[in-house]
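Student: Going by our numbering, the first residue of the sequence shown is number 3, and it counts up by one from there. Beta carbons are placed, not taken as given, at the ideal position from N, Cα and C, and that holds for glycine. Could you have a look at this structure, given as structure tokens, before my questions?
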Amino acid sequence: MKIRKGQDVVIAGTLILALLGASPTPVAAQSSPGGFPSVVKALRAAPGCLGVETGQTASGRQVIFAWFEGKKAGSR
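Structure (structure tokens):
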């Protein structure tokens, strides 16, 4: 079965979002997440990255949406 390029981008972006959003709630000993901008910068510099957007949910959780050319680019 052949998958179109647009579907690859959606699948890869969803995979990355799921991996980044699966982090546990910070432990009391941890400081607030200061590495968020560095993650966005690293994603933008990754080969095959088509775009990165950030946002915040109603509950205050920060999220990252990233689009890649295909599955291989998103799983590096």
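Please classify residue 65 as buried or exposed, where buried requires at least 16 other C-beta atoms within 10 Å of its C-beta.
Tutor: The residue given as residue 65 occupies position 63 in the sequence shown. With fewer than 16 Cβ atoms within 10 Å of its Cβ, residue 65 is classed as exposed.
Student: By Cβ distance, which residues of its chain are closer than 8 Å to residue 56, with the 5 residues on each side in sequence left out?
Tutor: Translated into the one-based positions of the sequence shown, residue 56 becomes position 54. Same-chain partners within the cutoff: 38, 42, 64, 65, 66, 67.
Student: Going by alpha carbons, who is nearest to residue 72 out of 52, 46, 45?
Tutor: On the sequence shown, position 70 is the one that residue 72 refers to. Of the candidates 52, 46, 45, the one whose C-alpha sits nearest the C-alpha of residue 72 is 52.
Student: Within 10 Å of its beta-carbon, does residue 44 have 16 or more other beta-carbons around it, so buried, or fewer, so exposed?
Tutor: Looking up residue 44 in the sequence shown gives position 42. So residue 44 ends up on the exposed side.
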